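The structure appears below as structure tokens.
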Amino acid sequence: MYFIKRILFLIPLLWLISFLAFLLVHAMPGGPFDRERTPASPEIEHHLLAKYHLDEPILKQYGRYLNGLLHGDFGPSMKYRNHSVTDIIAAGLPVSLSLGVLAFCFSMGVGLPLGFFTAVHKARWQDYLGSLAAAVVICVPSLVLGPMLIMLFAIKWRWFPVALWASPWHVILPTLTLGLYFAGRVARLMHEGMLATLHSEFITTARAKGLSETSILLKHAFRLAVLPVLSYSGPMLADLLTGTFVVENLFQIPGLGVSMVNSSLNADYTMVVGLVLLYAVVLLVLNLAVDFTHCLLDPRVRYE
Amino acid sequence: MNERLHLSPNQRAWRRFRRNRGAAAALLVLLVLIALVLLWPLGKLAPAATVLPKAMTHLPDSISDTPFAPPSWEHWFGTDAHGRDLLSRVCHGARISLLVGLVGAAVSLVIGVLWGAVAGYGGGRWDSVMMRFVDVLYAMPTVVFVIVLVTAINAKLEKWQAGPHGLSERHAQLLQMAGLFVGLGAVSWLTMARIVRGQVLSLRRRPFIDASLVLGASHARIVRRHILPNVYGVIIVYLTLMIPSIILYESFLSYLGLGIQPPQASLGSLMASGAEQINPIRIYWWLIVFPGAVLALTLLALTFVGDGLRDAFDPRGES
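Here the protein sequences line up with chains A and B, keeping their order.
Mind the numbering: the first sequence is residues 36 to 339 in this note's numbering, read in order.
Mind the numbering: the second sequence is residues 7 to 325 in this note's numbering, read in order.
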């Protein structure tokens with residue numbers, strides 16, 4: 036019941052977001068046609084504005100946009116004239132999506148075991164080494180990690196291609212660049228969660244019952260210790276799936292992160308609002324899924 | 007033993023912090039780093055004909071005719087595309103990056119604490135309206151926000167500069183930097199608001215607040231004397247962890263060309279210009295490795311200090 040209510044609540048929320056985003060981009064100084072190569076004559080500019088209905092009052096423009104949205108139309112891009120926003124998203128989303136999923140799997144695959152392992156060996160050298168590694172990868176921005184990987188593995192040793200998005204071989208360096216940071220974050224959260232859980236009373240009970248240490252750690256503790264990672268994975272996955280500018284730009288990957296930044300810089304109104312909405316939908320749906328999973332994993336949690 | 011009972015919670019936290027060797031070491035590293043960054047180049051301090059090696063005397067803006075020199079005895083970090091000494095540029099950039107992190111965090115602190123405290127203390131309808139607003143902002147990508155905000159501020163500045171009163175170059179630069187601080191702070195206050203609101207909400211229900219109200223204390227006094235002092239610990243901890251993320255965000259903006267403008271430099275803009283120099287023929291690794299390493303070291307020290315503070319302020323930590 037609670038979740039049905041929340042799903043219904045998404046609709047006004049998304050509407051509000053679309054409205055705010057629409058106002059925000061239109062409040063930006065300059066318009067989408069300011070960066071044309073030659074300064075357009077007043078007539079041409081007037082025609083352009085009229086064609087995209089930019090000469091109308093803002094609320095009327097928003098009404099028109101919303102009407103299109105309800106019919107599944109995100110409108111035309113104002114920068115790339117022959118493409119609709121839907122086209123551009125349809126072209127970029129699969130790329131960003133696959134890179135995001137790969138980076139997500141990588142960060143979970145590395146982060147969860149690392150956090151688990153360091154927490155189990157608390158205050159021993161394994162812990163210090165592993166926790167230091169997790170902290171270090173968080174502190175090295177992809178702007179440094181990416182170029183370093185390219186210089187070493189692509190230019191110096193020529194093991195991997197420098198850039199582009201073609202074969203599975205092209206995927207490895209971007210996935211590492213993107214995934215290592217999140218692996219560090221996941222490891223730290225898992226570490227904290229595990230330490231907090233191992234102090235709780237039900238673990239003492241399980242020990243008193245004489246269960247094996249493996250079963251206590253994996254079956255009882257892990258299930259609750261993973262909850263902080265779970266809450267973090269919603270926003271993290273939303274960021275990863277909708278594309279990340281630095282990595283896409285470094286490796287020349289045609290994803291949505293680049294579109295998000297460029298459209299904001301170019302004041303490509305429809306494109307920005309479309310991408311903001313896409314991000315919002317992904318984030319809100321993921322957060323819903325996260326809360327639902329939370330309920331399944333932790334029987335103490337009840338939502339009303 | 008008895009002496010311990012007389013300590014305030016903050017004094018006890020400071021004690022626990024000092025006992026945490028990792029965090030204390032990180033604090034030391036951070037302080038040394040800050041001192042070095044502020045004082046470099048050391049040649050400026052000493053009288054001209056002293057025994058300092060030449061590498062310590064380069065100024066960040068002095069152009070030489072040896073571009074892209076690899077690290078050597080004369081230039082410990084090598085030189086950049088204009089032959090400028092990278093070490094002194096990195097120190098200069100680190101100064102700005104730290105400043106950006108501190109001021110940006112302060113801006114988001116003010117907004118976040120005010121917003122969270124008002125929502126949490128006000129409760130009821132106020133609370134839900136204010137927190138729904140935070141939810142809506144959360145669901146928007148910060149990239150778009152920051153770009154819109156910073157370009158709007160820059161456009162305003164350009165207009166002023168061209169206007170009749172005409173800002174001087176230096177003032178415009180300072181204002182641009184201030185705009186960047188505000189922009190960074192304005193997009194990172196959301197989590198702070200949520201945390202503070204949660205804390206305030208739970209404090210508000212405690213009996214001592216009611217007692218205070220019954221004794222005739224005003225709401226402003228209660229917030230100032232009873233609520234905020236109880237939230238300080240959480241705020242300080244979160245603040246130390248926020249500074250690194252703001253420094254990182256500035257480096258991202260510099261990569262977009264929206265951050266610190268040349269001839270000023272931040273660690274982010276140095277890394278960004280290093281990343282531009284990647285080509286298959288020559289590898290100028292020092293351009294990216296050194297600024298990156300200094301950034302990573304700073305962030306790492308800040309993170310460990312933050313972790314230490316969090317453990318120190320955690321009431322469960324006392325044994």
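Glycine is no exception: its CB is placed at the ideal position from the N, C-alpha and C atoms.
Please read these numbers as outputs of a predicted model, since none were measured by experiment.
(request) Return no unless some Cβ of chain A is closer than 8 Å to the Cβ of residue 147(B). (result) yes
(request) Go ahead and pull the three-state DSSP assignment for residue 119(A). (result) strand
(message) Against chain B, does residue 59(A) count as a neighbour if the rule is that its beta carbon must be under 8 Å from one of theirs?
(response) yes
(message) If contacts are defined as beta-carbon pairs under 8 Å, then residue 289(A) and residue 127(A) qualify, I think. What distance do you get, rounded to the angstrom?
(response) 6 Å
(message) Are the CB atoms of residue 22(B) and residue 318(B) within a distance shorter than 8 Å?
(response) yes
(request) Closer than 7 Å by beta-carbon distance: list the chain A residues that pair up with residue 85(B), in chain order. (result) None at all; the shortest Cβ gap to chain A is about 18 Å.
(message) Buried or exposed for residue 269(B), going by 16 or more other Cβ atoms inside 10 Å?
(response) exposed
(request) Drop a sphere of 10 angstroms on the beta-carbon of residue 217(B), count the other beta-carbons inside from all chains shown, and report buried for 16 or more, exposed for fewer. (result) exposed
(request) To the nearest angstrom, report how far apart residue 251(A) and residue 237(A) are at their CA atoms. (result) 10 Å
(request) Examine the Cβ distances between the stretch 171-190 of chain B and the stretch 227-240 of chain B and report whether three or more of them are shorter than 8 Å. (result) no
(request) Tell whether a beta-carbon distance below 8 Å holds between residue 309(A) and residue 46(A). (result) no
(request) Starting from the beta carbon of residue 257(B), find every residue of chain A whose beta carbon is closer than 8 Å, and list them in chain order. (result) 176 and 178
(message) With a threshold of 8 Å, are at least 3 pairs of Cβ atoms found where one atom belongs to the stretch 200-210 of chain B and the other to the stretch 288-308 of chain B?
(response) no
(message) Taking 8 Å as the threshold (beta carbon to beta carbon), is residue 324(B) in contact with chain A?
(response) Bear in mind that the predicted position of residue 324(B) carries a pLDDT of just 48, short of 50, making it unreliable; the figure below should be weighed with that in mind. Cβ-Cβ to chain A under 8 Å: no for residue 324(B).
(message) Let's test the definition: count the other Cβ atoms within 10 Å of the Cβ of residue 283(A) and tell me whether it reaches 16, buried, or not, exposed.
(response) buried
(request) Return the CA-CA distance between residue 150(B) and residue 259(B), expressed in angstroms with no decimal places. (result) 11 Å
(request) Could you work out which residues of chain B lie near residue 44(A), taking near to mean beta carbons separated by less than 9 Å? (result) None at all; the shortest Cβ gap to chain B is about 10 Å.
(request) Using alpha carbons as the reference points, say which of 201(B), 168(B), 202(B) and 156(B) lies closest to residue 182(B). (result) 156(B)
(request) Output the distance between the C-alpha atoms of residue 20(B) and residue 31(B), rounded to the nearest integer angstrom. (result) 14 Å
(request) Check each residue of the stretch 280-307 of chain A: if its Cβ is closer than 9 Å to any Cβ of chain B, include it; give the result in chain order. (result) 280, 281, 284, 285, 292, 295, 296, 298, 299, 300, 302 and 307
(request) To the nearest angstrom, report how far apart residue 79(A) and residue 85(A) are at their CA atoms. (result) 10 Å
(message) Can you tell me whether residue 72(B) is helix, strand or coil according to DSSP?
(response) coil
(message) Against residue 166(B), what residues of chain C qualify as contacts under a CB-to-CB distance less than 7 Å, listed in chain order?
(response) In the displayed structure, chain C is absent; the protein chains listed are A and B.
(request) Quick one: give me the first and last residue of the alpha helix (DSSP H) that residue 238(B) is part of. (result) 234-262
(request) Return no unless some Cβ of chain A is closer than 8 Å to the Cβ of residue 106(B). (result) no
(request) Could you check what DSSP says for residue 277(A) in three-state terms: helix, strand or coil? (result) coil
(message) Any contact between the stretch 204-221 of chain A and the stretch 164-174 of chain A? By contact I mean 3 or more CB pairs, one from each, below 8 Å.
(response) yes
(message) Taking 8 Å as the threshold (C-beta atoms), are residue 184(B) and residue 64(A) in contact?
(response) no
(request) Using a Cβ cut-off of 8 Å, pull out every chain B residue sitting near residue 183(A), in sequence order please. (result) 291, 294, 295 and 298
(message) Can you tell me which residues form a DSSP beta bridge with residue 85(B)?
(response) 91(B)
(message) Is residue 123(A) close to chain B? Criterion is C-beta to C-beta, closer than 8 Å.
(response) no
(request) For the stretch 305-317 of chain B, enumerate the residues whose C-beta is nearer than 8 Å to any C-beta of chain A, in chain order. (result) 305, 306, 309 and 310
(request) Would you give the residue range spanned by the alpha helix (DSSP H) that residue 183(B) belongs to? (result) 175-193
(message) Using a Cβ-Cβ cutoff of less than 7 Å, which residues in the same chain neighbour residue 44(B) once the five nearest sequence positions on both sides are dropped?
(response) 101
(request) Note down the Cα distance separating residue 321(A) from residue 328(A), rounded to an integer number of angstroms. (result) 10 Å
(request) Show which residues of chain A have a CB atom less than 7 Å away from the CB atom of residue 261(B). (result) 178 and 281
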